[in-house]
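Trainee: Under UniProt numbering, the letters of the sequence shown match residues 1 to 433, in that order. We put the CB at the ideal spot given by N, CA and C, even for glycine.
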Amino acid sequence: MAGGNMKNLCDDMLINILLRIPVKSLIRFKCISKILYDLIQSSIFINLHRNRSIIKDELLLLKRSIKVAPLEYNNVLSFLSGHDDTINDLKPVYPDLYIPRLTSRHGHRCYETIGPCNGLIVLTDFDAIVLFNPATRNYRALPLSPFKRKVRFHRSMRGGLGFGYDWIANDYKFVKLSEIFRDPPQWHPNEDREKTVEIYDLNIGSWRVFDYDCEEFPSVHWLPCFEIFYKGAYHWSAYAETPIILCFDMTSETFRGIKMPHTCHPYDAKIYSLVILNESLTLICYAGKQTVPDPIRDLTDIWVLKEYGVYESWIKKYTIKPLYIEATILLLKDHLLLLQSFSGQVMSNDLNSDKLEEVHLFSSAHSFTMMIYKECLTPVPKMEDRVEHNSMILEKVYLFNFKLMTFQHTSKFYHFFFSFVSANLSLSFQLPP
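#1: Which term fits Ser78, buried or exposed, when burial requires 16 or more other beta carbons within 10 angstroms of its beta carbon?
#2: Could you tell me whether the Cβ atoms of Asn133 and Leu142 are closer together than 8 Å?
#3: Leaving aside the five residues before and after Leu19 along the sequence, list all residues of the same chain whose C-beta is less than 7 Å from its C-beta, in chain order.
#4: For the 8 Å Cβ check, are there 3 or more pairs between the segment 282 to 301 and the segment 323 to 333?
#5: When DSSP builds the beta bridges, which residues end up paired with Thr124?
#6: Do you know offhand how far Glu58's Cα is from Gly344's?
#7: Note the first and the last residue of the continuous beta strand (DSSP E) segment covering His221.
#8: Taking one C-beta from the segment 244 to 264 and one from the segment 309 to 319 each time, how about it: are there three or more such pairs within less than 8 Å?
#9: Quick one: grab the DSSP three-state call for His49.
#10: Quick one: complete beta strand (DSSP E) runs, 3+ long, within the segment 259 to 339?
#11: Report all residues from its chain with a CB closer than 6 Å to the CB of Thr328; omit the five preceding and five following residues, and keep chain order.
#12: So, is Ile129 buried or exposed, given that buried needs 16 or more other C-beta atoms within 10 angstroms?
#13: Three or more C-beta pairs under 8 Å: does that hold for the segment 350 to 359 against the segment 239 to 252?
#14: Helix, strand or coil, according to DSSP, for Phe29 in the structure here?
#15: When the Cα atoms are used, what is the spatial distance from Tyr94 to Val380?
#16: Between which two residues does the beta strand (DSSP E) containing Ile99 stretch?
#17: Within the continuous alpha helix (DSSP H) that includes Tyr37, where are the two ends?
#18: So, under 8 Å CB-CB, Lys67 and Thr369 are touching, yes? Tell me the CB distance rounded to an integer number of Å.
#19: Assuming the contact rule is C-beta atoms closer than 8 Å, Phe229 and Phe163 should be a hit. Round their C-beta distance to whole Å, please.
#20: For Phe174 and Ile199, which I take to be in contact (beta-carbon distance under 8 Å), what is that distance rounded to the nearest angstrom?
#21: On the three-state DSSP scale, how would you describe Lys382?
#22: Just grab the DSSP bridge partners of Lys355 for me.
#23: Can you grab the Cα-Cα spacing for the pair Ile320 / Phe255, in whole Å?
#24: In whole angstroms, give me the CA-to-CA distance for Leu330 and Leu61.
#25: What is the DSSP secondary structure of Arg256, reduced to helix, strand or coil?
#26: Give the single residue among Thr251, Lys289, Asp12 whose Cα lies nearest to the Cα of Ala269.
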């Protein structure tokens, strides 16, 4: 009788318990049995676990550079968490993770961190591209583009690298915007430059050239704290007669431009950042480094795009004091704007009170990235992995039909599992006698 009660309770209870367990523990649970391994590995469970809405699971993921010798830096990932309203309450959750040098030509502060998207981030030094899941520590280096450049010409992708999820194709895509020019560059208006767009499909595992109208394509410029994946599209800073936000939809594979507010123009001496405020795209216009500061001209404007893609829906939400800073970093809790000074000191500016205070964080200039991160089991497939057509059917069997599995001593297994969870996660369960 006890075994029958356990079998009736176990199917739903096991799944509900596992959905409450953090990624680190789930990785350990995969070693308990093949049942748990197959369940936790299934894409349906991974999606259910990722989409659960537990705010306390969110961490702050920091990428920074620490100077260890002249012209030599260590790139470090830190995982922080805090529950109070003060940014200085942050505590480390895991030990720091040191990032190895991606290529021999880049040894210090030029790593860019892109993401997150479903728990995945991208690390790049503008030559190598690495897809990485910080929660599972799985990673994959993308192959170099097979498309050759002309002799005595140089390819630069400093214009931009985008990364996002195509929900229809169930695929992750990389979009590389490059310029090909003479090496060394001539830097004059008539210089022979060619713009290219390449797309890498993770499921297929190869690069392809994307066809577009090169005459109408805007000039893309990298800015700190601007590039962002939002509403299924990746966004860059660009110029097309006026400053625009260049968007690439990962599903339809189309480019479009969103004009910035009317106060933004190429000669306004402002720097732009793009963040999310109350689930809306938000543009921050700040002074940066000025040769001759002007307290009126250099005021910081914060614009919110109330209706995505509609130029007329820009509204000015805040105007705060001038920010003579290296870069904005992140908008936290919808009112704390994190900044980095030219010396590397991190500060926070409360948008409600316009109060500026130092944060107990420091990094070399040009190197600090901070993002809100939620740990996920999202896999990073290896080059040889391929999606099987019947995988979804098998996963449904594993997830919702445990009775179809042959597993001896099922009652003993569940008793062991619930006891193991209680002992390791401080959760208590009433087991049948």
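Mentor: The answer reads as follows:
#1: The residue in question, Ser78, is buried, as its Cβ has 16 or more Cβ neighbours within 10 Å.
#2: No.
#3: Hits under 7 Å: Leu48, His49, Arg52.
#4: A contact between stretches requires three or more CB pairs, one per stretch, nearer than 8 Å, and the segment 282 to 301 meets this requirement with the segment 323 to 333.
#5: Partner(s): Glu112, Ile129.
#6: Approximately 25 Å between the Cα atoms of the pair.
#7: His221 -> beta strand (DSSP E) spans 219 to 221.
#8: With a cut-off of 8 Å, the segment 309 to 319 and the segment 244 to 264 count as touching, because enough Cβ pairs lie within range.
#9: In this structure, His49 counts as helix in the three-state DSSP scheme.
#10: For the segment 259 to 339, whole beta strand (DSSP E) runs of length 3 or above, ordered along the chain, are 271 to 277, 280 to 286, 300 to 305, 314 to 320, 327 to 332.
#11: Around Thr328: Cys225, Ser273, Ile284, Leu339.
#12: When all chains shown are included, Ile129 counts as buried.
#13: Under the 8 Å Cβ criterion, the segment 350 to 359 does not count as touching the segment 239 to 252, having fewer than three qualifying pairs.
#14: For Phe29, the three-state secondary structure derived from DSSP is helix.
#15: When rounded, the distance between both Cα atoms is 21 Å.
#16: DSSP places Ile99 inside the beta strand (DSSP E), whose first and last residues are 97 to 99.
#17: Element bounds for Tyr37: 34 to 41.
#18: Their Cβ separation, rounded to whole angstroms, is 17 Å, which puts Lys67 and Thr369 out of contact at 8 Å.
#19: At roughly 7 Å, the Cβ-Cβ gap stays under 8 Å, so Phe229 and Phe163 are in contact.
#20: Sure, about 7 Å apart at Cβ, within 8 Å.
#21: The answer is coil: DSSP assigns Lys382 none of H, G, I, E or B.
#22: In DSSP, Lys355 forms a bridge with Asp350.
#23: Distance between the alpha carbons of Ile320 and Phe255 is about 33 Å.
#24: If I take the Cα positions, the gap works out to 11 Å.
#25: Note: Arg256 maps to strand in three-state DSSP.
#26: It is Lys289 whose Cα lies nearest to the Cα of Ala269.
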